[in-house]
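Visitor: Before anything else, here's the structure in question.
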Amino acid sequence: MDKEQDAIDLLKSYGQNHIINLLKKLDEVKKEELLEQIEKIDFGQIMELYDNTKKKIEIKENKIESIPYLDKAKLREEQKTKFDKLGEEIIKSGKYAVVTMAGGQGTRLGHNGPKGTFKLDVYGKGKYLFEILKDNLEEANKKYDTVIPWYIMTSKENNQATVDFLEKHNYFGYPKEAVTIFTQSELPLVDTEGKLLISKDMKIKEASDGNGGTYSSLRASGCLADMKNKGIKWVFIGGVDNVLLKMADVTLLGMAVDKGVQIASKSVVKANPHEKVGVFCKMNGHPKVIEYAELPEKMAEEVDYDGELKYGESHIMCNLYTIDAIEKASKEPLIYHSAFKKNSYIDEEGKEIIPTEPNSYKFESFIFDAFEFFDDIAILRGKREDDFAPVKNREGVDSPKTAKELYEKYWNRQNRKN
Ligand code: UTP
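Each residue of the sequence shown is one higher than the one before, starting from 54 at the first, in my numbering.
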């Protein structure tokens, strides 16, 4: 009873009366489950994050500078050879691992199931996003005569569906013992009035807390320790939804080694000044990615002496870290951003509501917010047509249609070369 009363007092103080009403309607087992969940939730933190959604984010321009990068297409031949050799040595000696972040909800795509289980309509037969990633790793394994350990991050919401899918497809032929699936942490979803959403199983609805959770989840899941046991020195972390993602780019890896940095990233130049991507810069002397919504318009359009966008290097979730960098990032708290998304929920009458427009805030930390813990980053500019074909939206830009076109064009070019 005390536990229940404590929960009721807590919920009242945070204006969550609808959860009190729900609590009263539940049977003993369900009630106990909800009480346990309530105990674990930091309501103060959630309400602070909700209040922040109403504040305007301000960036002081004078603290920001552009960031140096190397253009892969313009490297001198001996420079490229040197980088490639350094990178190859690491991969060949089994010191390289890859992490795929597959814990997102994929709300914009609206596919029923984890995003990696989406089948892209390529070359008639089609390929699943997980299969496309597997192809890329398999190609690297063949080239460097190794088996790259592959870690896949899921959310509590999509973990079972991901495991079932990969099992059913026998990991698309990737050696099963080299695949590790781990799950990331979650936070409650909040509606526009600051009320926590209720899920179908009569609990507070939670969702993965952003791809910034990768670092701490790698540590909490034991994957970081596992990597250390395996002698891994460099870790690639990438998204699940870029069908041209190169997960074992020896030039990028070698460049990072050559420059003696702890983190490196592949960028592509912005398609236009107002493309909705985050861009690299230096803030207070540290590497940083500014989200498109947070970049002042004047800066978005600024060009340098060569007429190139000053803040034109987009972050495409193609990042590389030393194992020590992962360890460091896993121990530092990251800030949370809010994203306004469509999330179904159970209303006070017990009816499921499936919104057609965004209705709730999801709080997410971003993978790139850890960059500022480091003094430097090596950035290699890739090519959009070789490196970036994301599947984000159902239609229009960055949709299955655009990704299919880019994927097929890329592979037609490669096949012509071979
Ligand atoms: P996005 O930010 O594009 O989010 O994720 P999303 O969930 O895939 O799609 P929307 O915004 O709901 O439509 C970029 C990458 O980060 C992963 C995604 O799976 C994708 O690979 N991610 C995102 C996570 O692993 N966990 C998260 O909590 C969020």
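Think of the CB as a built atom: it goes at the ideal place given N, C-alpha and C, for glycine as much as any other residue.
1. Measuring only the C-alpha atoms, how far is K108 from Y389?
2. With DSSP as the reference, label D357 as helix, strand or coil.
3. Apply the 10 Å Cβ neighbour rule to V356 and answer buried if 16 or more other Cβ atoms are within range, or exposed otherwise.
4. Decide if V450 is buried, meaning its Cβ has at least 16 other Cβ atoms within 10 Å, or exposed.
5. At which residue ranges does the stretch 76 to 161 contain complete alpha helix (DSSP H) runs of 4 or more residues, listed in the order of the chain?
6. From which residue to which residue does the alpha helix (DSSP H) around E192 run?
7. Scan the stretch 317 to 393 and note each continuous beta strand (DSSP E) run of 3 residues or more that stays entirely inside, going in chain order.
8. Assess contact between the stretch 313 to 328 and the stretch 364 to 381, defined as three or more Cβ pairs (one per stretch) separated by less than 8 Å. Is contact present?
9. Which residue's Cα is closest to the Cα of D428: I120, S66, K77, K78?
10. Quick one, which of V342, C371, D439 has its alpha-carbon nearest E118's?
11. Which one or two residues does DSSP pair with V243 in a beta bridge?
12. Indicate whether L249 and I379 have their beta-carbon atoms separated by less than 8 Å.
13. May I have a chain-ordered list of the beta strand (DSSP E) segments no shorter than 3 residues that lie completely inside the stretch 428 to 467?
14. Would F96 and L75 qualify as a contact pair, given that the criterion is a beta-carbon distance under 8 Å?
15. Measuring straight from C-alpha to C-alpha, what distance separates I91 and S270?
16. Enumerate, from N- to C-terminal direction, the unbroken alpha helix (DSSP H) stretches of 4 or more residues contained entirely within the stretch 262 to 311.
17. Would G179 be called buried (16 or more neighbouring beta carbons within 10 Å of its own) or exposed?
18. Confirm, please, whether the CB-CB distance from E366 to V332 is below 8 Å.
19. In the DSSP assignment, find the beta strand (DSSP E) that holds I205 and state where it starts and stops.
20. Can you determine whether any heavy atom of the ligand UTP sits closer than 7 Å to the C-beta of S261, and answer yes or no?
21. Determine the direct distance from the alpha carbon of K329 to that of D294, and round the result to whole angstroms.
22. In or out: S261 buried (at least 16 other Cβ within 10 Å) or exposed?
23. Are the Cβ atoms of L387 and A423 separated by less than 8 Å?
24. Using a threshold of 7 Å, is the CB atom of A155 nearer than that to any non-hydrogen atom of the ligand UTP?
25. Relative to the C-alpha of Q69, which candidate in G247, G159, N212, D59 has its C-alpha closest?
26. State yes or no: is the C-beta of L240 within less than 8 Å of the C-beta of I72?
27. I need the DSSP call for E259, collapsed to helix, strand or coil.
28. Within the same chain, show all residues whose beta-carbon is closer than 6 Å to that of L433, passing over the 5 residues directly before and after it, in chain order.
29. Taking the beta strand (DSSP E) that I407 falls in, what are its first and last residues?
30. Between which two residues does the beta strand (DSSP E) holding F218 run?
31. Examine the ligand UTP and report whether any of its heavy atoms sits within less than 7 Å of the Cβ of T409.
32. Please report the straight-line C-alpha distance between N325 and T267, rounded to a whole angstrom.
33. State the DSSP-derived secondary structure class of K172, mapped to helix, strand or coil.
34. Between the stretch 440 to 454 and the stretch 394 to 408, do three or more beta carbon pairs fall short of 8 Å?
35. Just the Cα atoms here: how many angstroms apart are E86 and K462?
36. Relative to the ligand UTP, is the shortest distance from any of its heavy atoms to the C-beta of E417 smaller than 7 Å?
Guide: Short version:
1. 13 Å
2. coil
3. exposed
4. That one is exposed.
5. 81 to 93, 96 to 105, 130 to 145
6. Segment 182 to 197, the alpha helix (DSSP H) holding E192.
7. For the stretch 317 to 393, whole beta strand (DSSP E) runs of length 3 or above, ordered along the chain, are 332 to 336, 339 to 343, 366 to 375.
8. Because the criterion of three Cβ pairs below 8 Å is met, the stretch 313 to 328 and the stretch 364 to 381 touch.
9. I120
10. Closest in C-alpha terms to E118, from the list V342, C371, D439, comes V342.
11. L249, Y414
12. no
13. 431 to 434
14. no
15. Approximately 22 Å, taken between the alpha carbons.
16. 266 to 273, 276 to 282
17. exposed
18. yes
19. 203 to 207
20. yes
21. 16 Å
22. buried
23. yes
24. yes
25. G247
26. no
27. E259: strand per DSSP, three-state reduction.
28. The residues are L123, K125, L305, M308, K319.
29. I407 -> no beta strand (DSSP E), and no H or E assigned at all.
30. Per DSSP, F218 belongs to no beta strand (DSSP E); it is in the alpha helix (DSSP H), 212 to 221.
31. no
32. 30 Å
33. In this structure, K172 counts as strand in the three-state DSSP scheme.
34. no
35. 51 Å
36. yes
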